[in-house]
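**Student:** Going left to right, the sequence shown walks through residues 550 to 597 as the working numbering numbers them.
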Amino acid sequence: MCPKCGKISNVPVPEAEVDLKTSPYRRAFGDYTKIECLDGHIFWVYYC
Ligand SMILES: [Zn+2]
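1) Tell me the residue span of the beta strand (DSSP E) that contains residue 584.
2) At the level of alpha carbons, what is the spacing between residue 555 and residue 578?
3) Relative to the C-alpha of residue 553, which residue among 582, 589 and 595 is closest?
4) Assign residue 557 to one of three DSSP states: helix, strand, or coil.
5) Beta-carbon distances below 6 Å to any heavy atom of ligand 1 define the shell here; list its residues in chain order, please.
As structure tokens, then:
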């Protein structure tokens, strides 16, 4: 879900049972993927 507008985006999840955390900021560590929502907001999803 986009942290800026709340719209749900499809996120490619490498594993079925991982927790996803969205962040408007990029972190220097961890596995993450960059997502662009339908309104063009850029955010990152982290796999924990
Ligand atoms: Zn958005």
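No residue lacks a Cβ here, since even glycine has one placed at the ideal position from N, Cα and C.
**Tutor:** On the basis of the data shown:
1) Annotation for residue 584: the continuous beta strand (DSSP E) segment containing it runs 581 to 585.
2) Roughly 25 Å separates the two Cα atoms.
3) By alpha-carbon distance to residue 553, the top candidate from 582, 589 and 595 is 589.
4) Judged by DSSP in its simplified three-state form, residue 557 adopts coil rather than helix or strand.
5) Those satisfying the condition are, in chain order, 551, 553, 554, 556, 586, 588 and 590.
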